[in-house]
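At position 240 of the sequence shown the residue is numbered 240 (UniProt numbering), and the sequence of numbers has no breaks.
Where is the CB? At the ideal position from N, CA and C, for every residue including glycine.
Everything on this sheet refers to the single structure shown next.
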Amino acid sequence: MQAESLDRNMPATMSMPKKNEIDQLLANSRKLVKSQSAEALALAEKARNLAAAQQAHDLEAAALCVNAQALLMLNRYDETLAALEMASELANNHPVGPQEGEMLYLQGRAYFARSQYQAAGECWRRCLMLAPEAISNTTRARAHLKLGLVHLTQERYDMALEHHRMAEELALEGDDPLLHCDAQLHIAADLIKQGALDEAMGVLKSALPQIRAERNLEMEAEAYGLIGEIHLKRGEFDKADASLTVALKINRLVVNLCGEAANLIAFSFCELARGENESALDFLLQARMLAEEAGSKRLLARATATLAEAFYHAGNEEAGAHYEAEYSRLREALLNQNEEPETNPKDSKVE
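Here you go:
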């Protein structure tokens, strides 16, 4: 085969069978990242070693990114960042194509998982400033989704919604149904925050058939959790219970600690509205434990605020004041990360 038919970043001395072997290893490792992270890690490392031996820098960077994804799933954040630092060094010295955007995106995810929201936001903003050849539309859309979450932690709800709508546009341009559903879920959550319950319900009902068709259990749980929150805000407690029960069962099945904590917090509001203070307290104490285990300061703050409210409802002023003060400290820590707010997410779009 002529050299010009090879990938631009692949050395002319590299055989197509060797490249195909690396590509297959990467494809297999990506499939296993969520379900069998340790196995994915081993395959990605094998692909990386082969790529390094062939001086195929773009494939080596891709392998390091898959390596980082697997480490993220295993909550090994320091190792995730170390792998991405190696990928970044490659990108500084060799063209690696869209892997440049992927590594920045994954760095942001690692920082966000450690509740380092300022550092995470900086990574994702840098993603949006990359030239088109250095980032895929899919990664750009995901960076918008994650930046929206950063704004949510700092209660900038309009900015969050703007980023999530831009992610939806990019997902539609790329004909990526699952990414589109992900954007819809984020948009629905933003609309609920803003009190636009009917619009949020419409978005969720639109997203659910596609989510079921894609058999994505985590997204299905999130959708039912959000539907439960809408029913809760409407005072439809039995309907809220039904939707939240579906969400909770799925989140426990897929071991989604953050999703489970969010569901338990929502359940506690149902119980508080019914005057079942003890049940509400049980739900909230479980939610706090799960939020701490997952390392989510945002969910920990939500659970703590509601716990204070529940203790006040139960007539325990001392405990209520204790958790109210703790919530104030958590909220201040979340808000005082001193990020520079963007004037408009569209300013970051590379034409």
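Distance between F311 and L248, taken at the CA atoms: about 24 Å. Cβ contact annotation for E21 (same chain, cutoff 8 Å, sequence separation greater than five): L50, in chain order. In the pairwise beta carbon analysis, the region 59-77 is classified as touching the region 36-45: at least three pairs are separated by under 8 Å.
Boundaries of the alpha helix (DSSP H) harbouring N49: S37 to A53, taken from the DSSP string. The C-beta distance from L90 to T80 rounds to 16 Å, too long to fall under 8 Å, and the pair is not in contact. Ranking L152, S29, I227 and E162 by CA distance to the CA of K205 puts I227 first. Counting only the Cα atoms, Y105 lies some 25 Å from A262. In this structure, A160 is the residue among A160, I250, K19 and N137 with its C-alpha nearest to the C-alpha of I192. At the C-beta level, E220 and I211 come within 8 Å of one another.
When DSSP states are grouped into helix, strand and coil, S296 belongs to the coil group.
Sorting A273, R274 and A305 by C-alpha distance to the C-alpha of L284 places A305 at the top.
Separation of D238 and G320 (C-alpha to C-alpha, rounded to the nearest whole angstrom) is 27 Å. Inter-residue distance for L130 and E292 is about 35 Å (C-alpha atoms, whole angstroms).
Going by DSSP, D238 is part of the alpha helix (DSSP H) stretching over F237 to L253. Contiguous beta strand (DSSP E) elements confined to the region 72-122 do not occur, taking only those with 3 or more residues. Its chain contains H144, L147, G148 and P345 as the residues whose beta carbon lies nearer than 6 Å to that of H163, once the 5 sequence neighbours on both sides are disregarded; these appear in chain order. In this structure, DSSP gives G174 a state outside helix and strand, which the three-state scheme calls coil.
In this structure P209 is exposed. Its beta-carbon is surrounded by fewer than 16 other beta-carbon atoms within 10 angstroms.
Scanning its chain for C-beta atoms nearer than 7 Å, with the 5 sequence neighbours on each side dropped, one finds around R48 the residues E60, A63, L64 and N67, in chain order. One thing to note: A280 has its Cβ no nearer than 8 Å to the Cβ of L290. Rounded to the nearest whole angstrom, the CA to CA distance from A167 to T138 is 9 Å. Remark: C-beta atoms of G101 and W124 do not approach each other more closely than 8 Å.
With a 10 Å radius around the Cβ and a threshold of 16 neighbouring Cβ atoms, V203 comes out buried. Taken through DSSP and simplified to helix, strand or coil, I135 comes out as coil. Between L217 and L253 the beta-carbon gap is near 7 Å, inside 8 Å, which marks them as a contact.
With a 10 Å radius around the Cβ and a threshold of 16 neighbouring Cβ atoms, D78 comes out exposed. For M86, same chain residues with a beta-carbon under 8 Å away, outside a window of 5 residues either side, are L64 in chain order.
Counting only the Cα atoms, M103 lies some 11 Å from G97. Judged by beta-carbon spacing, A301 lies within the 8 Å limit of Y327, meaning their Cβ atoms are closer than that value. Between the C-alpha atoms of L185 and A53 there is a straight-line separation of about 43 Å. DSSP places R215 outside any alpha helix (DSSP H), giving it a letter other than H or E.
For the pair R234 and L197, the CB atoms are nearer than the 8 Å cut-off.
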